[in-house]
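Participant: So the sequences go chain by chain: L and E.
Per this note's numbering, residue 1 is the first one in the first sequence, and the count goes up by one each step.
Per this note's numbering, residue 1001 is the first one in the second sequence, and the count goes up by one each step.
Glycine included, every Cβ here is placed at the ideal spot set by N, Cα and C.
If you're wondering where the values come from, they're calculated on a predicted model, not measured in any experiment.
Here you go, one structure.
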Amino acid sequence: MSEQTFLVLTALAEEPLHGYAIVQAVEQLSEGRTVLRVGTLYGVLDRLVADGFAERDREEVHQGRLRRYYKLTDSGVRALQAEVARLSANVRAASAVLRGRGVQAWANNA
Amino acid sequence: MGEQRVSNLERRYRLLLKVLPRWYRQDREEEMVGIFLADRTDELDLEHSWPGWGETGAVLGLAVRTHLAAGAALTNVPMKVAWRGEIVRALGMIGLLLGVFYAGASITSMVYAYQHPEIVGGLTWMRVFDVAPIVAFVALLAKKRTTAKLAALAAALPAVVTVGPHIGAWLLFQLPSLVTFVALCLGFHREAPTPPVRRLAWWGGGALLVGVLGGFALGAFVVPVAAVVLRVVAFVRGDFVLGRALSVFAVLELAPLAFLLAGGEVFGVALVLAVLLVISAVAPVRRVRTS
Chain L
1 MSEQTFLVLT
11 ALAEEPLHGY
21 AIVQAVEQLS
31 EGRTVLRVGT
41 LYGVLDRLVA
51 DGFAERDREE
61 VHQGRLRRYY
71 KLTDSGVRAL
81 QAEVARLSAN
91 VRAASAVLRG
101 RGVQAWANNA
Chain E
1001 MGEQRVSNLE
1011 RRYRLLLKVL
1021 PRWYRQDREE
1031 EMVGIFLADR
1041 TDELDLEHSW
1051 PGWGETGAVL
1061 GLAVRTHLAA
1071 GAALTNVPMK
1081 VAWRGEIVRA
1091 LGMIGLLLGV
1101 FYAGASITSM
1111 VYAYQHPEIV
1121 GGLTWMRVFD
1131 VAPIVAFVAL
1141 LAKKRTTAKL
1151 AALAAALPAV
1161 VTVGPHIGAW
1171 LLFQLPSLVT
1181 FVALCLGFHR
1191 EAPTPPVRRL
1201 AWWGGGALLV
1211 GVLGGFALGA
1221 FVVPVAAVVL
1231 RVVAFVRGDF
1241 VLGRALSVFA
1251 VLELAPLAFL
1261 LAGGEVFGVA
1271 LVLAVLLVIS
1281 AVAPVRRVRT
1291 S
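Here it is, written out as structure tokens:
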């Protein structure tokens, strides 16, 4: 699963969101590292819907523009769970290796 | 939608979105424009800006995928568009099978060259590229799509670097590997369905075996005959996708073979091949109606 897909799934896990809200949520979740372009967002959404991980929700008109909401399916929640478990296992393994070298797992960049 | 003045930026973005297929735009254009303009409120920006390179690239990427029916589950994609993607993928797979056959034949000829360097002048490192289609085929079945495309590019590389003054003959001879590479790139994007591994593994093994045992000479018969037989099977089973893919395959990938043989001393053979290929190319296809 690509990082973009993972972030979109995470954004949708909280509540159904429209496209612009997904872009904003992904930027916040990634602390500004991932800024989805519109063309990219729809590529990701197409894949998620094709895989049965997300589906269309309601539609609204906001300031004269169409907003279509997307929500996670149960299958999408399970896919996110599985990815979180996979990534967590990787983080635990890497942390253990770093601790073995006497280095703390999280560098303090502040 | 409400009454509002259309800015130059919106007009330019809508113009860019025209690269997307009509069926996709009908469903998504308003939504996409809404997101693109959501935080653009500066009047100067709205009047004088253009969609950036990044956005343009993202929309072009989306255009390639949607023209080949990715996202089909999302919207009501017309059936002819859905088939286009399937046909391109089938063409890529058939092209790879042809490549695997050639690789098998090349392995046999490499062994011969190694054993008889005095006759055929020994081996050159360029022959490494000959087995690249096998790598591409195995990688594709293992769902390593990027590796598969890179290997297919490696298979097509000698074609690119050896272009000489006889462009026509070069194009005819090298077209198969180039077509296969392009079909793989276009058809096997991330949303594309995974090819049926077990069945294709048998086909790949068979192609390799025919190549190794029969070499180029036998293959020149086996491949067109197999194409015609498969074409008949596709017709009987109503497999429209396989039928159309074989038509394109016959024209783009096999016709050069017959053309090349026609120039030698085996004109009669080439004629038979040409007839088989014409049958493959223009024979009718049948479509089993599902609704």
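1) Does residue 62 of chain L pass the burial test, meaning 16 or more other C-beta atoms within 10 Å, or should it be called exposed?
2) Hey, residue 1089 of chain E and residue 1235 of chain E are a contact pair by Cβ (cut 8 Å); roughly how many whole angstroms apart?
3) Look at the Cβ atom of residue 1099 of chain E, then the Cβ atom of residue 1136 of chain E, and state whether they are nearer than 8 Å.
4) Quick one: does residue 66 of chain L have its CB under 8 Å from some CB of chain E?
5) Within a Cβ cutoff of 7 Å, which residues of the same chain sit near residue 17 of chain L, ignoring the five residues on either side of it in sequence?
6) Comparing the C-beta of residue 103 of chain L with each C-beta of chain E, is any distance below 8 Å?
7) Would you kindly check if the distance between the Cβ of residue 53 of chain L and the Cβ of residue 85 of chain L is under 8 Å?
8) Strictly under 8 Å for the Cβ-Cβ distance: is residue 33 of chain L near chain E by that measure?
9) When you compare each of E/1047, E/1175, E/1153, E/1275 to residue 1221 of chain E by their alpha carbons, which one comes out closest?
10) Of all Cβ atoms in chain E, is any one closer than 8 Å to the Cβ of residue 38 of chain L?
11) Could you check whether the Cβ of residue 1065 of chain E sits closer than 8 Å to any Cβ belonging to chain L?
12) Just to confirm before moving on: does the CB-CB distance between residue 1131 of chain E and residue 1106 of chain E stay below 8 Å?
13) Please report the straight-line C-alpha distance between residue 37 of chain L and residue 1185 of chain E, rounded to a whole angstrom.
14) Can you tell me where the beta strand (DSSP E) holding residue 61 of chain L begins and where it ends?
15) Could you give the uninterrupted runs of the alpha helix (DSSP H) lying entirely in the segment 1015-1068 of chain E, keeping only those of 4 residues or more?
16) Taking only runs of the alpha helix (DSSP H) that begin and end inside the segment 1085-1163 of chain E, which ones reach a length of at least 4 residues, in chain order?
17) Below 7 Å on C-beta distance, what does residue 70 of chain L contact in chain E?
18) For residue 47 of chain L, which three-state DSSP category applies?
19) Give me the Cβ distance between residue 1085 of chain E and residue 1209 of chain E, rounded to the nearest whole Å; I'm assuming they're in contact under 8 Å.
20) Along the segment 15-26 of chain L, where does the CB come closer than 7 Å to a CB of chain E? Name the residues.
21) Cutting at 7 Å between CB atoms, please list the residues of its own chain near residue 30 of chain L, excluding the five before and the five after it.
22) With residue 1062 of chain E and residue 1007 of chain E assumed to form a contact (beta carbons below 8 Å), what rounded beta-carbon distance in angstroms separates them?
23) In whole angstroms, what separates the C-alpha of residue 1050 of chain E from that of residue 1058 of chain E?
24) From the DSSP output, in three-state form, read off residue 1199 of chain E for me.
25) Is the shortest distance between the beta-carbon of residue 76 of chain L and the beta-carbons of chain E less than 8 Å?
26) Starting from residue 72 of chain L, follow the beta strand (DSSP E) in both directions and report where the run begins and ends.
27) List the residues of chain L whose Cβ lies closer than 7 Å to the Cβ of residue 1059 of chain E, in chain order.
28) For residue 17 of chain L, write down the residues that DSSP places opposite it in a beta bridge.
29) Residues of the segment 1016-1038 of chain E with a CB closer than 8 Å to any CB of chain L: list them in chain order, please.
Facilitator: In brief:
1) With fewer than 16 Cβ atoms within 10 Å of its Cβ, residue 62 of chain L is classed as exposed.
2) About 20 Å; that fails the 8 Å criterion.
3) Cβ atoms of residue 1099 of chain E and residue 1136 of chain E: closer than 8 Å.
4) So, interface residue.
5) Excluding residues within five positions, the ones whose Cβ falls inside 7 Å are 11, 25, 69, 70.
6) No, its Cβ sits nowhere closer than 8 Å to a Cβ of chain E.
7) Result no, Cβ atoms of residue 85 of chain L and residue 53 of chain L do not sit closer than 8 Å.
8) With 8 Å as the cut-off, residue 33 of chain L does not count as an interface residue toward chain E.
9) When only C-alpha atoms are compared, the closest one is E/1275.
10) Flagged as an interface residue toward chain E: residue 38 of chain L, by a C-beta distance shorter than 8 Å.
11) With 8 Å as the cut-off, residue 1065 of chain E counts as an interface residue toward chain L.
12) It is a contact, given that the beta carbons lie within the stated cut-off.
13) In this structure, the CA atom of residue 37 of chain L is about 22 Å from the CA atom of residue 1185 of chain E.
14) Its beta strand (DSSP E) spans residues 54-62.
15) DSSP runs (the alpha helix (DSSP H)) wholly in the segment 1015-1068 of chain E: 1022-1036, 1043-1048, 1053-1067.
16) Within the segment 1085-1163 of chain E, the complete alpha helix (DSSP H) runs of at least 4 residues are 1117-1120, 1132-1141, 1145-1161.
17) Within chain E, no residue comes near residue 70 of chain L; the closest Cβ sits about 10 Å away, beyond 7 Å.
18) DSSP places residue 47 of chain L in helix when its eight states are reduced to three.
19) That belief does not hold up - the Cβ atoms of residue 1085 of chain E and residue 1209 of chain E are roughly 30 Å apart, past 8 Å.
20) Interface annotation for the segment 15-26 of chain L against chain E: 19, 20, 23, criterion Cβ-Cβ distance under 7 Å.
21) For residue 30 of chain L, where only same-chain residues beyond five positions count, the Cβ hits under 7 Å are 7.
22) Contact doesn't hold; Cβ gap of about 22 Å is too wide.
23) Looking at the backbone, the Cα of residue 1050 of chain E and that of residue 1058 of chain E are separated by about 14 Å.
24) The answer is helix: DSSP assigns residue 1199 of chain E an H, G or I state.
25) Not one chain E Cβ lies under 8 Å of residue 76 of chain L.
26) Where residue 72 of chain L is concerned, the enclosing beta strand (DSSP E) stretches over 65-72.
27) Chain L residues near residue 1059 of chain E: 39.
28) Per DSSP, L/70.
29) Of all residues in the segment 1016-1038 of chain E, the ones placed with a Cβ closer than 8 Å to any Cβ belonging to chain L are 1028, 1030, 1031, 1032, 1033, 1034, 1035, 1036, 1037, 1038, in chain order.
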